[in-house]
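S.K.: Pasting a structure here, questions to come.
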Amino acid sequence: MATTSAHATAAAEPHHEPSFVRKYIFSTDHKVIGIQFLFMSLFFLLIGGLLAGVIRWQLGWPTNPDMPLPGGGLLPETMVNQGIVLPEFYNSAVTMHGTIMIFFAIMPLLVGVYANYLIPLQIGAPDMAFPKLNMASFWTAAPAGVIMLAGFFVAGGHSGAGWTQYPPLSANPEFSGVYMGQQLWLISMIVLGFSSLMGAVNYVTTVINMRAPGMTWFRLPLATWALFVTAVLILLAVPVLTGALILLLFDQTIGTTFFSPEYGGEPLLWQHLFWFFGHPEVYILILPAMGFVSEIIAAGSRKPIFGYHAMVLAIIAIAFLGWGVWGHHMFQSGMNPTLGMGFMATTMVIAVPSAIKVFNWLATMWRGDLHFHTPMLHAVAFVGMFVIGGLSGVFVASTPVDIFLHDTYFVVAHIHYVLFGGSLFALYAAITFWYPKMFGRMMNPLLGKLHFWLTVLFFNLTFFPMHNLGIAGMMRRIYDPNQYEFLRPMQELNTMISIAALLLIGTQLIFAFNFFWSLFRGEPAPANPWRANSLEWAAPSPPPHGNFARTPVVYRGPYEYSSPLSVEDYLPQDDPPAEGPEPVPAPATSH
Amino acid sequence: MPWLPAQVSTFGGEIDSIFYIILVITGIIFLLVEATLLWFAFRYRHREGRKAEHIHGNWKVEVIWTTIPFIIVIALGAMSFGPWARIKMLGRFPAPGLEIGVMASQFEWMVTYPGADGRLGTDDDFQRRNQVHIPVAQPILVHLSAEDVIHSFFLPHFRVKQDAVPGMDNQVVWFEATEPGEYELACAELCGTGHTRMRGTLVVHSAADFETWYEGATQTAN
Amino acid sequence: MDHSAAMTLEGGPVEPGMGVPNLKLGMWVFLLSEVMFFTALIGSYIILRAAQPEAFAEPGVVLNVPLTAFNTFLLICSSVTMVKAFAAIEHGDQKGLRLWLLATVAMGACFLGVQAYEYVKLVDHGFVPFAAGYAAEGGALYGATFYTMTGFHGAHVTIGVLALIWITVRAFMGKYTRASHGGVETMGLYWHFVDLVWIILFTIVYLI
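Chains as they are written, first to last, in our numbering: chain A, 1 to 591; chain B, 592 to 813; chain C, 814 to 1021.
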């Protein structure tokens, strides 16, 4: 495997054209691997979205023979019978919507795609530290996805224990009626864990060791900072999940009893292990999004990011505090209530660094020169949506209020404001922002804006009223709320939400169309279409194998927009300063 | 728009008021932040010939907007400690007027009442499926347990929720009803295919009615 | 506030990096995640044992402590020979490298052999990982946690021995020199880690 000496050689070597398979399938080029992850996770985003459609159909028109599930006839009768979603399949849909969206769509989109694609480009490296390991990482993730999908087609159906897989329901087939599907779920997740691990080792090593000359830690773009810290979280959190998954798999297959109470096992042990991983995982799913948004808001505002150091410190603070809050998922689980108090205190505190980031984004826009291109629209919407997700978190952080709101639709609303309003909006921003770099073509701005506005509209119509459902007490993961008298008046709202959700899913087709159409018909992209500063824009669009013609030298931070030193409103990191030492700019005026 | 269900327990009001305090505080922050965002988006939109100001930041404002949220969340946390302790901590439970056992299983609630001796766990206990009968204005102590998987004992109108975990037989939860009437008991934790129909009824009787019901129940039980 | 234009020209740009080869740094990073994996397993053991003390037998009742103490000694010795191998190649001593590597492989393999023997004896005694058929002192959790922890450690030793064989073959092919022997060093990191984990496991599973 290459060592640091590979720095400049890869680019300088005249390389002959590799075969199709080496170039696009078993490629070790970090950019190709990033794009492979992109196609894979967009596919899973579609699957996850369709499962959401199944869930919303059932909740909008519960068990209604007059409203058969469209396309339900294509599914076997063990899932959908005469157009009616069966409870078994509903539970699987709920479980797999969560699992697929979190582990196979959002996480690989944020990390698999952008850590791979951006890190070497933003730090000025020709490739990752371990390109073969990187390839192995993708070719481990892809089979994990196949195994996960296979679970739908085995006898007994797919796992229906929720993405959190609480035993004994998940451990004992007698209780769930799911045999093979449950095991495939676990095996797939273990395999995916190996993929994440290989990626994380690579990202951490690469950022530490492969930075171009002059690229000091505090000249790293915030996207790279966020991805680096995320990789550290993955490195430390995923093995804990892998350990727990293995124990659960043993419980299911060889008859150990780690989580089965009849032989002294502890169901709560799973919850502790799962959430010890799961809370850092929540930040794995938002930190990179915050990083992308920081890049895009700075570039879109033509202004340096406000409080760069505070932003970095906030990322690090979140990563540290994230290890001490897992118990807030377990306030009502039977965990000692005194522990609950401690977890409430840490949980309240972790809201602070997120608040700091929001204020800094706002301050970045203040006195800026805002260009609302599609990425900027998504990034600004991210801030607006993330604020809602953050504030709704305060309700459930308060232990007494959580007694009522725990396991209701309030939590569903909260997670979707963070994961969809937050992470997915940031991803739409990122995809549209870096698309020209990846594919050498621009996405259609008109379709981009149409997709943006409709998504914002339908997203809020879908998820904001879910806060109300939760406040009214509607439980999550429930097949037919009409079983309960106190939930019956909410059917109308549920139907409205379902219509909005289906329109939201439909709107994503605009994005899909724009994505694929622009691959072939988009306008050719210049190297630096957004006039941005970081190093990836110094490479051609798309960058060749080895990225840079010669190793770039970095002279300044990545956010020198509208600098008085430059006639243009941007100043790339690798632009050599004018003759003589650069004059130190006057300290920022304190307003 | 659907809203909090009517509240009929002694501590429900306390939970609701913390909810409202958080709602007001986060509501104000929400409005301020979103208004600022929209205002900036409008005010600083691109105009020909304007250049953004080259500002890198300001440590003074960073300290300010770190400190203020910190104080707010600490205050909200501090406010939550007392009610939480009163509701969930064993040492703070009031002396119960009635103790019952609730065993959750797929997909029903088996409620055990003490017989004539007034004590649970003796031979004269009797059971009702999916039916909880309690007197008004008496602290009720529920001994929760689960037979197979995790369930969650959820009384929306009483602001009560507690998971019933198999193997943990010492789970207790208490509440006190303020209004007679019939309410619903729900399972809030995904417990399998029949999760959605794991519904029970909770009947709050006036003191006299409860006596009558209890007499009748013990008679038929023996 | 800060101005990022500083620190550029005078004395030329800064060359970042740790000054450690990628392979070695990557191994350190990987071992961090291994620490978390074993923490999850050992943590579960501690929690289960604290919750269900009666499911676990006193030390020495089921497990053969002297045998495993010998095995522990063997593994510690193999760490010493690994250090010797590394020291040898740092001085360019090819013969020393090969001999010490062979010794390390041999001791690693012996460790696995003794562990296999121990497992067979324990199963004969009715000490199995699953609830059905558990016939030893304590309860089924004891068997489950024991085999999971020692089994995953054993798997790590097995991978280590295979990797060591590979390194040894390369050593015999003369692939390592005084100037370039990153493979040996990285292998050593892994091997010492596996040794360290065993010392912890031996202490908490066999002695406490």
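Ideal Cβ placement from N, Cα and C applies to all residues, glycine included. Keep in mind the model is a prediction, meaning the values are calculated, not measured.
So, helix, strand or coil for G791 (chain B), using DSSP?
M.R.: Strand.
S.K.: Contact between the region 127-145 of chain A and the region 82-91 of chain A: three or more CB pairs below 8 Å?
M.R.: Taking 8 Å as the limit for Cβ pairs, the verdict is that the region 82-91 of chain A does not touch the region 127-145 of chain A.
S.K.: Return the chain-ordered list of same chain residues with a C-beta closer than 6 Å to the C-beta of P353 (chain A), the five sequence neighbours on each side being excluded.
M.R.: Once the five neighbours on either side are set aside, the close Cβ partners of P353 (chain A) are A314, A317, I318.
S.K.: Could you check what DSSP says for H591 (chain A) in three-state terms: helix, strand or coil?
M.R.: In this prediction, H591 (chain A) has a pLDDT of 41, which is less than 50 and means its spatial position is unreliable; what the coordinates show is noted afterwards. Coil at H591 (chain A), not helix or strand.
S.K.: Listed from N- to C-terminal order along the chain, which residues in the region 918-930 of chain C have their beta-carbon within a distance smaller than 9 Å of any beta-carbon of chain A?
M.R.: So the list is empty, because no residue satisfies the distance condition.
S.K.: In three-state terms, what does DSSP make of F744 (chain B)?
M.R.: Three-state DSSP puts F744 (chain B) in a strand.
S.K.: Along chain B, in chain order, which residues have C-beta atoms closer than 8 Å to that of R477 (chain A)?
M.R.: In chain order: L781, H786.
S.K.: Which residues, taken in chain order from the region 240-267 of chain A, show a beta carbon closer than 9 Å to some beta carbon of chain C?
M.R.: Of all residues in the region 240-267 of chain A, V240, L241, T242, G243, A244, I246, L247, F250, D251, I254, G255, T256, T257, F258, S260, E262, Y263, G264, G265, E266 have a Cβ within less than 9 Å of some Cβ in chain C.
S.K.: Threshold first: 4 residues or longer. Then list the alpha helix (DSSP H) segments lying entirely within the region 817-888 of chain C, N to C.
M.R.: As far as the region 817-888 of chain C is concerned, its whole alpha helix (DSSP H) runs of at least 4 residues are 835-864.
S.K.: With a CB to CB cut of under 7 Å and the five nearest residues on each side skipped, what residues in its chain are close to I980 (chain C)?
M.R.: L914, G996, V997, M1000, listed in sequence order.
S.K.: In terms of residues, what are the limits of the beta strand (DSSP E) holding R991 (chain C)?
M.R.: Here R991 (chain C) belongs to no beta strand (DSSP E), and DSSP marks it neither H nor E.
S.K.: Count the other C-beta atoms from every protein chain shown that fall within 10 angstroms of the C-beta of G771 (chain C), then say buried if there are 16 or more, exposed otherwise.
M.R.: The displayed coordinates of chain C run from 814 to 1021. Any statement about residue 771 (chain C) would go beyond what the structure contains.
S.K.: Among the residues of its own chain, which have a CB less than 7 Å from the CB of G368 (chain A), if the five just before and after it don't count?
M.R.: S301, R302, K303, listed in sequence order.
S.K.: Give a yes or no on whether the minimum CB-CB distance between F610 (chain B) and chain A is below 8 Å.
M.R.: Chain A contact via Cβ: present.
S.K.: List the residues of chain C that L74 (chain A) touches, going by C-beta distances under 8 Å, in chain order.
M.R.: The premise fails here: L74 (chain A) is roughly 41 Å from chain C at the closest Cβ pair, so nothing lies under 8 Å.
S.K.: When you compare the CB positions of G162 (chain A) and L735 (chain B), do they come within less than 8 Å of one another, or not?
M.R.: Result no, Cβ atoms of G162 (chain A) and L735 (chain B) do not sit closer than 8 Å.
S.K.: Within 10 angstroms of the Cβ of P572 (chain A), are there 16 or more other Cβ atoms? Answer buried if so, exposed if not.
M.R.: Buried.
S.K.: In terms of DSSP beta bridges, what is I730 (chain B) paired with?
M.R.: Note that residue 730 (chain B) is Pro in the sequence shown here, rather than Ile. Looking at the DSSP assignment, P730 (chain B) forms a beta bridge with B:E767.
S.K.: Using only the alpha-carbon positions, how far apart do L1022 (chain C) and I1012 (chain C) sit?
M.R.: The requested residue 1022 (chain C) is not part of the displayed model; chain C covers only 814 to 1021.
S.K.: Which residue from C:T961, C:M986, C:I889 puts its Cα closest to that of V1018 (chain C)?
M.R.: That would be C:T961, whose Cα lies nearest to the Cα of V1018 (chain C).
S.K.: Roughly how far, in whole angstroms, is the beta-carbon of L887 (chain C) from the beta-carbon of F965 (chain C), given that I think they are within contact range, below 8 Å?
M.R.: Between F965 (chain C) and L887 (chain C) the Cβ distance is about 19 Å, and since that is not below 8 Å, they are no contact.
S.K.: With 16 as the cutoff for other CB atoms within 10 Å, does L504 (chain A) come out buried or exposed?
M.R.: So L504 (chain A) ends up on the buried side.
S.K.: Which same chain residues end up closer than 6 Å to M789 (chain B) when comparing Cβ atoms and leaving out the 5 residues on each side of it in sequence?
M.R.: Excluding sequence neighbours, M789 (chain B) sits near F698, C778.
S.K.: List the residues of chain A whose Cβ lies closer than 7 Å to the Cβ of E770 (chain B), in chain order.
M.R.: Those within 7 Å of E770 (chain B) in chain A number zero; the least Cβ separation is about 15 Å.
S.K.: Within this structure, are the beta carbons of R556 (chain A) and R219 (chain A) separated by less than 8 Å?
M.R.: Yes, these two residues count as a Cβ contact at 8 Å.
S.K.: Flag this pair as yes or no: are the beta carbons of F395 (chain A) and I613 (chain B) separated by less than 8 Å?
M.R.: Contact: yes.
S.K.: Determine the contact status of P436 (chain A) and S541 (chain A), defining contact as a CB-CB distance below 8 Å.
M.R.: Result yes, Cβ atoms of P436 (chain A) and S541 (chain A) sit closer than 8 Å.
S.K.: Let me know the alpha helix (DSSP H) ranges lying completely inside the region 326-408 of chain A, each 4 residues or longer, listed in chain order.
M.R.: Taking only runs of at least 4 residues, the alpha helix (DSSP H) segments lying wholly in the region 326-408 of chain A are 337-365, 374-397, 399-405.
S.K.: Along the chain, where does the alpha helix (DSSP H) that runs through Q573 (chain A) open and close?
M.R.: Neither: Q573 (chain A) is in no alpha helix (DSSP H) and is coded neither H nor E.
S.K.: Use the C-beta contact count for G541 (chain B): other C-beta atoms within 10 angstroms, 16 or more gives buried, fewer gives exposed.
M.R.: Look at the range of chain B in this structure, 592 to 813, and you will see that residue 541 (chain B) is not part of it.
S.K.: Leaving out five residues before and five after W326 (chain A) in sequence, what residues of the same chain have Cβ atoms less than 6 Å from its Cβ?
M.R.: Closer than 6 Å at Cβ, skipping near neighbours: W275, F276, H279.
S.K.: Go ahead and label E823 (chain C) buried or exposed: buried means 16 or more other beta carbons lie within 10 angstroms of its beta carbon, across all protein chains shown.
M.R.: Note that E823 (chain C) scores a pLDDT of 39, beneath 50, so its modelled location is shaky; the value from the coordinates is reported in the next line. It counts as exposed.
S.K.: Looking at chain C, is there any beta carbon in it that lies within less than 8 Å of the beta carbon of V387 (chain A)?
M.R.: So, not an interface residue.
S.K.: Please report the distance separating the alpha-carbon of F631 (chain B) from that of L623 (chain B).
M.R.: Each residue's Cα considered, the two are about 12 Å apart.
S.K.: Along the chain, which unbroken stretches of the alpha helix (DSSP H) at least 4 residues long are found entirely within the region 112-181 of chain A?
M.R.: Counting whole runs of 4 or more residues, the region 112-181 of chain A contains the alpha helix (DSSP H) stretches 114-123, 131-150, 173-176.
S.K.: Just grab the DSSP bridge partners of S736 (chain B) for me.
M.R.: Paired residue(s): B:M694.
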